[in-house]
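A.B. asks: Under our numbering, the first residue of the sequence shown carries the number -16, and numbering increases by one thereafter. Ideal Cβ positions, reconstructed from N, Cα and C, are used throughout, including at glycine. There's a structure below that I have some questions on.
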Amino acid sequence: NIPDTVGYTTPFEFGTLIQGIFANVPNIGRAIISVHCHNDLGLAVANSLAAIKFGARQVECTVNGIGERAGNAAMEEIVMALDTRKDAFGGAWTNVRKDQICKASRVVSQLTGLMVQPNKAVVGKNAFTHESGIHTQGMLAHPSTYEPIEPELVGGTRRLAPGKHSGSAGINAALAGMGLHPSEEQLKEVFLRVK
């Protein structure tokens, strides 16, 4: 196990460290290299992924990234980075049931009393929320434009949030999601009120 206990190392340094271990330790192929990264500089996930890129095959991580000080590498971010970017990580994979990720996040949050920040990657309330007109329009036309992962894949849901940055297409889609289908005149009125 190779730790970054105080979360100080950069991804380049950590990847180079793992690469050096594989290059210089005889019979390293007989061991499974594990990493344990803390998030003091916000690099725990990046460092863990760099380690995987260079041969680590086990990552000690936590749901929602909880842990001492600034926390540990967030399991949900590592799992989805590996799943979404198989091309960048040599096909490394996990057995994590991705469709249970959001549920696990909520359970851990409830049991620990530690709230998940709304803009948290993968599991935050806003991870699949769209308000901006151009984002909503692009997402409605082709979801992968603004969603690198489908919300359903992790047990999440897409949300269209009408707001001051919304366009009429986004507001109309949000209303349709509520079962409302306004006329053009009604949509113009709703649009002006939301703005």
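#1: Let's test the definition: count the other Cβ atoms within 10 Å of the Cβ of serine 166 and tell me whether it reaches 16, buried, or not, exposed.
#2: Compare the Cα-Cα distances from phenylalanine -3 to each of Ile11, Gly12, Val8, His21 and report the closest residue.
#3: Between Met98, Pro134, Glu60, Ala104, which lies nearest to aspartate 82 when the distance is taken from Cα to Cα?
#4: Which whole-angstrom value is the C-beta distance of glycine 1 and alanine 34, which I expect to be below 8 Å?
#5: Between the C-alpha atoms of arginine 13 and alanine 39, what's the straight-line distance to the nearest angstrom?
#6: So does the stretch 40 to 49 actually touch the stretch 85 to 95, counting three or more Cβ pairs closer than 8 Å?
#7: Just to check my reading of the structure: leucine 32 and phenylalanine 72 have Cβ atoms closer than 8 Å, yes? What is that Cβ distance to the nearest angstrom?
#8: Considering just the uninterrupted stretch of the alpha helix (DSSP H) at valine 62, what are its terminal residues?
C.D. replies: Checking against the coordinates, here is how it stands:
#1: Burial call: exposed.
#2: His21
#3: Pro134
#4: Rather than glycine, the amino acid found at residue 1 in this sequence is isoleucine. Right, the Cβ-Cβ distance comes to about 5 Å (below 8 Å), so this counts as a contact.
#5: Their Cα atoms are separated by approximately 12 Å.
#6: yes
#7: Contact flag correct, Cβ pair sits at about 7 Å.
#8: Looking at the DSSP string, the run of the alpha helix (DSSP H) that includes valine 62 is 58 to 67.
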